[in-house]
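First up is the structure itself, then whatever we jot down about it.
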Amino acid sequence: MVQSFRRRRSNLLCAVSLLCLGTSGVAFAQDSAPAADSAAGQDGEIVVTGIRASQARAIEVKRDASSVVDAISAEDIGKLPDVTISDSLQRITGVQIRRDAGEGAAINIRGLPQVTTLLNGEAYLGANSITTIQPNFNDIPSQLFSGADVIKSTTADLLNAGITGTVNLRTRRPFDLKRGLTLAATAEASYGDKTKSWDPNVNGLIGWQNDRVGFIVSAAYSDLNLSNSHNGIQEGYGAALHNEGLADATSCGGFSPQAPGCTAATRPRGTPVAGGIDVNGDGDANDTFIVPQGFTAWNRITQRQRLGVNGSFQAKLNDALSFTADGFYTRQTQYNRTAGIQMQNVNWQAAEFVPLKSQDTGATSGGYHVNTTQVYQYDLGNFDSYSETYKWKSESQNYNAELRFDNGGKFRATLRGLYGKATQNQDQSYLQFSVSNGIQWQPGGIGHYPAALGGGRAFNPGGYTVNTLAGVNSLRATVDYTGDEPSFTLPTQLTSLLGNAANYALKTMSSEDNYRRRADLKVGRFDAEYDVSDTFNITGGVRYSDRSVDNYQFERVAPVYAGQGASNAAGCLVKWKAFDVSVNDKTCSAGDGTRFYTAGLTRKATDPVFNGQVKPYNLPGSGLPAVYVLDPHTMDNAAAFQNGFYPNEQEHLNPGASYDVGIKQWSGYFQLNFKELELGGISVRGNGGLRVINTKLDIRQNVVGGPLPYGLSNQDGGDLRTQRNFTDFLPAFNLAFDFTPKLRLRLAYARTMTLLNLDQWGGGLTPGYAIDTSTGLFRVTGGSQAGNPQLDPWRADNLDASVEYYIGRASMISLAAFYIDVQSFIQNGIIYRSDLPDNDGVVRNRTVPINTLVQGGGGTLKGIEASWKQSLGDIGFMPTFLRDFGYDLNFTYSPSSTGDRDLAGQEIPFQDNSKYQANAALYYQAHGLQARVAWNYRSKRAVQSNFVNGLTGSELYQAPTNYVDASISYDVTPNFTIYGQGQNLTGEYEKYYIVYPNERAYNNIYERRFMAGVRAKF
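Take any residue in the sequence shown, count from 1 to its spot, add 1: that is its number in our numbering.
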């Protein structure tokens, strides 16, 4: 007894030591810790839990599957291997994830995002994927699941399959539990090294069953604050290309503006040489440079208040009939609260810097050598601080009722009905301060207002003068991007202003990108199977589904100057309540006969209206001093905040982003299954069948009408309704050859079809505008056309082959190859238009880029997946001290090609697909102690095509990433476990670049997170 206690105490001390080691930042790592080696069940039954048991159950799922499947399994009640579902799924070969605020969110399978999500084998409607096919699981508590399957080769009876894979989420049901009463609960606190706050996470389960009837209710709640910072190029504003040729370099938007019409901004830079201006000092004028619109640095805290409830009831009505009912509910309120700075060009995408350090890439464009830039010396334009708050309120409900007939005979049948409902509301609020004097926006920097508002008001008399007016006297600011993150060197005239809130003036307020999404889903399904013999079985069924989605997008607009000089008695509607906007449009104007009024009423940051909520923030950029920003919490209620400054705001429809889509599908299948068929002494089992799916689409788009002034979305030109009908015949075959009880070969073929994201059918054209400060005109600068109702769905032919060797209960080796011939797909592209009007309705024939979707004619994906799960205890000759260790290794090789090449001549892969991915996990489990270290690697991925306006092949990439996580737990008693976890222990973050690694774009910076908790189970 004493020896047993000492051994456990030693293990506990070891556990504490390892946890402390992890929290000190050592590059060891996480996944989740389990609960116990085993617990004694009723009648001597042993219920095995923990890492090793989780690995064994995942292997069992793969071995018993009728197709190519990989799985994850919970280590204990409420405990998947990782913090989120997506983080756990990334440990599976072929699965790649994207992160949101450091947590795993959207997933790809074998390079494509067209992944269908199922809940207990049938359709699932999630609030984060109302309009998309690609799953995003960050609103779903992982603690509610017993596991998840990744189905890579489909079967005919899988009537809702993805193009390259399907994720089936499995919840617990009463008959999964031991007989009698089961209680489980977990309480956890998590801590981020940047947010520096302790956040709660609790979950619990109660279940009971007596072999005839049972129920389960489980729930999970968390309130997390996650750091998600950013620095670099302001990616939403893009970049342009400017060269050293005389015409471009001396234009108003060039490196050395000297052309007539911009004499006030004359800033001769560089050295005149034959043919132009040498701006990089190499003695010639044959270079061209990527010119970002601006640089930014911001801190964002993402708060997620997450609730999930799962309930299940099962009953054996008689010896032949059983009934199952499930309900799954999720609710999440998320805030993204951002405080940051923008250092932007005054003229849109103008070359307001000279490259102090650059490099010739060897590529050319328009006869000029394309250069990357590492050090930018700016003539200081706009330097602003801003705060922005996004709020999402998401809710989903999924209900399932299932009646199964099985009297032990040859015939079995299932009748199933589902109903799903989901909503998501997004609200945005934005406020911007400037420390300039504002003379670039209004004459003399004086805003013009009605006498009732005090008349003329100076913006910021002590502020600095921007480059387009200061000319040769411009302040100089340098951005050094030779390292992984940008370093700013700012002029003392600017830094002295930034340290005092009284030097900041309100420039812009707005609320845009708001939406209301609603969806519901109804499914009815009947399946039957009949045993022809002990070897052959036939199955068949029919399915009907009806999904409808309504997406309403809007901005909040204010009726300004009603009864105070507006030409419309109700006021002029303005989206950008800004100092740089004059209410001067012919459709609605406001003024007093001497000047037009300024749309945004400026105030100092110290004005009492801000209630002392303007505070200093330290931002992620070397050389940046603390800057004053409105606390983003102030804008949690966007409508109330905006109305507090501009009463009676209205919702104005964005027609290009609003639509309705209805999808009705009739499906049927027939499948032949067989097992233990002898072929040359080899046992063969498998299935083959045909799915037939008829799809009816009913799409309502809003016709985008003419432009409206003051930043409003274009007019709604009425409805455009498109109805389509198509039928797909989709064969599927799966064979498994058992050469020995441990060695299996699988072969599979399937034709697959997956619907598009609904905005890809329903979305319309949304132009983008930016102000030309020399004229006050909002020019069209580009736009996006999100949808095309004539696009075809994704279709592909899939081939799979895998070899599986089962070493022991928790050990196996597998090697798989796949080939996917994508016959029709959708890809992002850019078209150029010169027929779009500026915001005043006049077409000036400027060519601007439109991001849109185009139908791809075909492409291929192929790859190899290798996996080795090993419990050293499954190896008989292993020394005793090693038998409690194990590992899980896998590697995925998945090259792809869109058929295009980037500027460097490299093949551009499918967007979001990494060529290489690897996982390695090492674990220990014995005497109540469990520890695990896990590593994930993903090679570079393509993010966006033609990032630079006018430069074909300017692909935006994300650099390779390495994430390390760790977990440890100790069973104090058979019923109580203490545990700790560490996530992103090495502080990895995402680095983005444009074609060449030294043309750095921006970084997403995440934090390390640590969790500690206690788990109880009875």
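Even for Gly, the Cβ is constructed at its ideal location relative to N, Cα and C.
Alpha-carbon spacing of residue i relative to residue j, whole angstroms
{"i": "residue 629", "j": "residue 433", "result": "10 Å"}
{"i": "residue 177", "j": "residue 220", "result": "17 Å"}
{"i": "residue 69", "j": "residue 1004", "result": "37 Å"}
{"i": "residue 597", "j": "residue 384", "result": "26 Å"}
{"i": "residue 129", "j": "residue 114", "result": "14 Å"}
{"i": "residue 659", "j": "residue 766", "result": "10 Å"}
{"i": "residue 801", "j": "residue 822", "result": "12 Å"}
{"i": "residue 852", "j": "residue 459", "result": "39 Å"}
{"i": "residue 227", "j": "residue 616", "result": "20 Å"}
{"i": "residue 89", "j": "residue 900", "result": "32 Å"}
{"i": "residue 289", "j": "residue 369", "result": "6 Å"}
{"i": "residue 43", "j": "residue 930", "result": "Any answer about residue 43 is weak, because its pLDDT of 37 lies below 50 and its placement is not dependable; what the coordinates show is given next. Near 24 Å, if we compare the C-alpha coordinates of residue 930 and residue 43."}
{"i": "residue 1008", "j": "residue 169", "result": "30 Å"}
{"i": "residue 856", "j": "residue 904", "result": "23 Å"}
{"i": "residue 32", "j": "residue 230", "result": "The predicted model places residue 32 with a pLDDT of 34, which falls under 50 and marks its position as unreliable; any figure quoted below should be read in that light. Whole-angstrom Cα-Cα distance: 24 Å."}
{"i": "residue 431", "j": "residue 837", "result": "27 Å"}
{"i": "residue 845", "j": "residue 769", "result": "15 Å"}
{"i": "residue 996", "j": "residue 372", "result": "11 Å"}
{"i": "residue 570", "j": "residue 641", "result": "24 Å"}
{"i": "residue 62", "j": "residue 810", "result": "12 Å"}
{"i": "residue 450", "j": "residue 603", "result": "10 Å"}
{"i": "residue 719", "j": "residue 704", "result": "5 Å"}
{"i": "residue 1001", "j": "residue 994", "result": "4 Å"}
{"i": "residue 566", "j": "residue 649", "result": "17 Å"}
{"i": "residue 36", "j": "residue 184", "result": "Its pLDDT being 33, under 50, residue 36 is placed unreliably by the model, and the measurement read from it follows with that caveat. When rounded, the distance between both Cα atoms is 14 Å."}
{"i": "residue 324", "j": "residue 785", "result": "49 Å"}
{"i": "residue 403", "j": "residue 733", "result": "26 Å"}
{"i": "residue 237", "j": "residue 558", "result": "22 Å"}
{"i": "residue 879", "j": "residue 872", "result": "10 Å"}
{"i": "residue 111", "j": "residue 57", "result": "24 Å"}
{"i": "residue 283", "j": "residue 376", "result": "15 Å"}
Residue i vs residue j beta-carbon contact at 7 Å
{"i": "residue 1010", "j": "residue 191", "result": "yes"}
{"i": "residue 503", "j": "residue 435", "result": "no"}
{"i": "residue 162", "j": "residue 137", "result": "no"}
{"i": "residue 73", "j": "residue 54", "result": "no"}
{"i": "residue 735", "j": "residue 154", "result": "yes"}
{"i": "residue 525", "j": "residue 545", "result": "yes"}
{"i": "residue 959", "j": "residue 991", "result": "yes"}
{"i": "residue 869", "j": "residue 831", "result": "no"}
{"i": "residue 145", "j": "residue 311", "result": "yes"}
{"i": "residue 352", "j": "residue 256", "result": "yes"}
{"i": "residue 424", "j": "residue 519", "result": "yes"}
{"i": "residue 260", "j": "residue 277", "result": "no"}
{"i": "residue 401", "j": "residue 521", "result": "no"}
Closest by C-alpha distance to residue i, when choosing among the options
{"i": "residue 751", "options": "132, 61 and 158", "result": "158"}
{"i": "residue 308", "options": "346, 201, 354 and 277", "result": "201"}
{"i": "residue 754", "options": "761, 786 and 692", "result": "692"}
{"i": "residue 663", "options": "425, 762 and 261", "result": "762"}
{"i": "residue 798", "options": "185, 819, 792 and 654", "result": "819"}
{"i": "residue 687", "options": "445, 700, 721 and 738", "result": "738"}
{"i": "residue 374", "options": "624, 234, 782 and 581", "result": "234"}
{"i": "residue 142", "options": "150, 510 and 105", "result": "105"}
{"i": "residue 513", "options": "465, 468 and 576", "result": "576"}
Inter-residue CB distance, residue i and residue j (contact presumed, cutoff 8 Å)
{"i": "residue 347", "j": "residue 378", "result": "The pair is not a contact, with the Cβ atoms about 16 Å apart (cut-off 8 Å)."}
{"i": "residue 656", "j": "residue 717", "result": "4 Å"}
{"i": "residue 885", "j": "residue 874", "result": "7 Å"}
{"i": "residue 627", "j": "residue 600", "result": "30 Å between Cβ atoms; not a contact."}
{"i": "residue 292", "j": "residue 350", "result": "6 Å"}
Closer than 7 Å to chain D by CB, residue i
{"i": "residue 556", "result": "Here chain D cannot be found, since the structure has a single protein chain."}
Next item on the list: Assess, as a yes-or-no matter, whether the segment 635-647 is touched by the segment 520-539 under the definition of 3 or more beta carbon pairs within less than 8 Å.
Entry: no
Next item on the list: Could you say if the segment 402-413 and the segment 355-363 meet the contact criterion of at least three C-beta pairs nearer than 8 Å?
Entry: no
Notebook entry, point to check: Hey, is the segment 447-461 in contact with the segment 331-346, meaning 3+ C-beta pairs nearer than 8 Å?
Noted result: no
Note to self: Quick test of the definition: if touching needs 3 or more C-beta pairs under 8 Å, does the segment 338-345 touch the segment 244-253?
What the structure shows: no
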